[in-house]
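Undergrad: Protein sequence lines, in the order shown, are assigned to chains V and R.
Count the first sequence with the numbering used here and you get residues 111 to 352, in order.
Count the second sequence with the numbering used here and you get residues 111 to 352, in order.
Virtual Cβ for every residue (Gly too), placed ideally from N, Cα, C.
Sending over a structure as structure tokens; questions will come in a sec.
Protein chains: 2
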Amino acid sequence: MIRSAQAKHPNAPASEARKAVVLLSCGLDSATVLAIARARGFACHALSFRYGQHHRAELGAARRIARALGAVAHKTVRIDLRAFGGSALTADIPVPKNRSTREMERGIPITYVPARNTVFLSFALAWAEVLGARDIFIGVNALDFSGYPDCRPAFIRAFQRLADRATRIGAEGGRFRIHAPLMKWNKAEIIRAGLALGVDYGITLSCYDPGPGGRPCGRCDACLLRAKGFRELGIPDPALNR
Amino acid sequence: MIRSAQAKHPNAPASEARKAVVLLSCGLDSATVLAIARARGFACHALSFRYGQHHRAELGAARRIARALGAVAHKTVRIDLRAFGGSALTADIPVPKNRSTREMERGIPITYVPARNTVFLSFALAWAEVLGARDIFIGVNALDFSGYPDCRPAFIRAFQRLADRATRIGAEGGRFRIHAPLMKWNKAEIIRAGLALGVDYGITLSCYDPGPGGRPCGRCDACLLRAKGFRELGIPDPALNR
């Protein structure tokens, strides 16, 4: 039924479509999540953050991705996670390079931003409540980011439980759903799903430490995981030819 | 033991004091909470927000309160809840005036800011994790704000559960505690506890809709509840004589 609503309006959301808030960085994962939410018939409200990260190139990319994948709205909220520091993405700590998969799997990496996904989901919840939306999508993944506590199923379940207790919608009997469709996929599976839904990965940017103009460094964990995904599928990364 | 640590260092935190993050607006409730956390021997890190609320007068007041009550640090984080609107405190919606206690108790008031306490606690959690603190204090109150879902015990419990799952500290076996010491007190009980701890309520500001210079309107829910508290104790509100 939801699919047919989408079929009737391929480029615009059906007025009867349910609204969802979709967390959108400029990376491969969240672009895929937006495509999935759209394919499930949701009117997608994409939410990005400018959080004092080193790579501001990603905001332009997020805007292009939101437009290309048919989000009905896109907001960027500025938040100051640099006020707290504690991560290579929010403080003057070098981003680790050339780590093996085994090294990435060991412990919590320095690129972990304390409570970041909790903060992101809190803002998504605020917008969802104002919109009357009960569905929130997030591109967390427990395989690639096994070290990040806020990328695990127990975290998502705990946030969903919190959302029902935190809000007017919950108090009136509504129930939120936090969707994490990538949770158990590896990078190749994510890319394959996105390609089937028409995602142009050429406009995504995964790097933790991009150079001028958003050029990926090719050596941080995010670049290495992305390259591994494309390699496993036997196809070139379209972002590397631009 | 914690008390004796405080006794040894009356005006500065003992180096052995446990750190806590204390959410601090400029109001009567959070000032009392800061005094309670300090009296329990915590080295208090006060956290305020500038969130596009109409009353910016409160930020100067929060700074004065943090200093007067011995916080070891005070940060103000700017966040943009106006991006979403949906409340008389974040959108161009009039603040209700002259409501009876019965009217205040009915339903969720328009001054409820969607997901506000979830957002505030998320930032507190981020700072706590960077500090290595496991204690977070918040001045929510289920009596005066019975209509706000994010002021109830079930919300606090759900956030505490989330905190353990969201963080490096939790992943390594640590346990957070979200303290809401005012939860079951009425305004008179809160004021009495604060006075016993030396809180100067003359520097606090509770109004939702203050005039120039932070002058309280005297007619919004926050002003009316505050006035009722002082009236029940039979003492004048020191903030009204400045």
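Hey, would you say R/Leu144 sits closer than 8 angstroms to R/Ala156, going by beta carbons?
TA: yes
Undergrad: Would a check of beta-carbon distances place R/Leu199 closer than 8 angstroms to chain V?
TA: no
Undergrad: Using a threshold of 8 angstroms, state whether the C-beta atoms of R/Phe233 and V/Val229 are closer than that.
TA: Cβ distance < 8 angstroms, so R/Phe233 and V/Val229 count as in contact.
Undergrad: For R/Glu365, is the classification buried or exposed, using 16 other Cβ atoms within 10 angstroms of its Cβ as the cut-off for buried?
TA: Because chain R spans 111 through 352 in this model, residue 365 of chain R falls outside it and cannot be assessed.
Undergrad: Could you check the C-alpha separation between R/Glu299 and R/Ser158 for me, to the nearest Å?
TA: In this structure, the CA atom of R/Glu299 is about 24 angstroms from the CA atom of R/Ser158.
Undergrad: Using a Cβ-Cβ cut-off of 8 angstroms (strictly less than) and excluding sequence neighbours within five positions of R/Leu343, which residues of its own chain qualify?
TA: Ala298, Ile301 and Arg302
Undergrad: Strictly below 7 angstroms CB to CB, what residues from chain C border V/Trp237?
TA: In the structure shown, chain C cannot be found, because the protein chains are V and R.
Undergrad: Compare the C-beta of V/Lys294 with all C-beta atoms of chain R and state if any pair is closer than 8 angstroms.
TA: no
Undergrad: Return the CA-CA distance between V/His164 and V/Asp202, expressed in angstroms with no decimal places.
TA: Caution applies to V/His164, whose pLDDT of 49 falls short of 50 and renders its modelled position unreliable; the value that the coordinates give is listed next. Approximately 9 angstroms between the Cα atoms of the pair.
Undergrad: I'd like to know whether the C-beta atoms of V/Ala147 and V/Ile313 end up nearer to each other than 8 angstroms.
TA: no
Undergrad: Rounding to the nearest angstrom, what Cα-Cα distance links V/Gly324 and V/Tyr311 in this structure?
TA: 14 angstroms
Undergrad: Given that a residue counts as buried once 16 or more other Cβ atoms are within 10 Å of its Cβ, and exposed if not, what is R/Glu213?
TA: With fewer than 16 other Cβ atoms from the protein chains shown falling within 10 Å of its own Cβ, R/Glu213 counts as exposed.
Undergrad: Just to confirm the assignment: which complete alpha helix (DSSP H) runs, minimum length 4, are found wholly within the stretch 175–215 of chain R?
TA: 211–215
Undergrad: Going along chain R, which residues have a C-beta under 7 angstroms from V/Pro259?
TA: Arg275, Ala276, Thr277, Arg278, Gly280 and Ala281
Undergrad: Roughly how many angstroms separate the alpha carbons of R/Asn296 and R/Gly284, rounded to a whole number?
TA: 33 angstroms
Undergrad: Nearest to V/Arg226 by CA position, among R/Cys136, R/Leu235, R/Ala130 and R/Pro348, is which residue?
TA: R/Leu235
Undergrad: Excluding the 5 residues preceding and the 5 following R/Pro219 in the sequence, name in chain order all residues of the same chain whose CB lies nearer than 6 angstroms to its CB.
TA: Gly257
Undergrad: Assign V/Asn251 to buried or exposed, taking buried as 16 or more other Cβ atoms, counted over all protein chains shown, within 10 Å of its Cβ.
TA: Residue burial annotation: V/Asn251 is buried, with at least 16 other C-beta atoms found within 10 angstroms of its C-beta.
Undergrad: Is V/Arg271 near the ligand ATP, going by C-beta to nearest heavy atom under 7 angstroms?
TA: Among the components of this structure there are no ligands whatsoever, and the ligand ATP is therefore not found.
Undergrad: Would you report the Cα separation of V/Lys129 and V/Cys333, rounded to the nearest angstrom?
TA: Looking at the two C-alpha atoms, the distance is approximately 32 angstroms.
Undergrad: Any idea which residues DSSP pairs V/Leu335 with across the strands?
TA: In DSSP, V/Leu335 forms no bridge with anything.
Undergrad: Is there at least one Cβ from chain V nearer than 8 angstroms to R/Arg188's Cβ?
TA: yes
Undergrad: Mind checking R/Ser364: buried by the 16 CB within 10 Å criterion, or exposed?
TA: What is shown of chain R runs 111 to 352, which leaves residue 364 of chain R out entirely.
Undergrad: Assuming R/Ala167 and R/Pro320 form a contact by the criterion Cβ under 8 angstroms, report the distance between their Cβ atoms to the nearest whole angstrom.
TA: 5 angstroms
Undergrad: Could you tell me the distance, in whole angstroms, from the CA atom of R/Leu191 to the CA atom of R/Ser197?
TA: 10 angstroms
Undergrad: Are the Cβ atoms of R/Val240 and V/Phe194 separated by less than 8 angstroms?
TA: yes
Undergrad: Closer than 6 angstroms by C-beta to R/Arg287: which residues in its own chain qualify, once you throw out the five before and the five after it? Chain order, please.
TA: Asp245
Undergrad: Is the separation between the beta-carbon of V/Ala149 and that of V/Val182 shorter than 8 angstroms?
TA: no
Undergrad: With a cut-off of 8 angstroms, does the C-beta of R/Phe159 fall near any C-beta of chain V?
TA: no
Undergrad: Which chain V residues sit within Cβ distance under 7 angstroms of R/Leu191?
TA: Residues of chain V passing the Cβ test: Ala236.
Undergrad: Would you list the one or two residues that DSSP bridges to V/Ile246?
TA: V/Val131 and V/Ile288
Undergrad: Taking its Cβ as the centre, do 16 or more other Cβ atoms sit within 10 Å of V/Ala306, making it buried, or is it exposed?
TA: Counting other Cβ atoms within 10 Å of its Cβ, V/Ala306 stays below 16 and is therefore classed as exposed.
Undergrad: Rounded to whole angstroms, how far is the Cβ of V/Ala264 from the Cβ of R/Arg275, which I believe are closer than 8 angstroms?
TA: 5 angstroms
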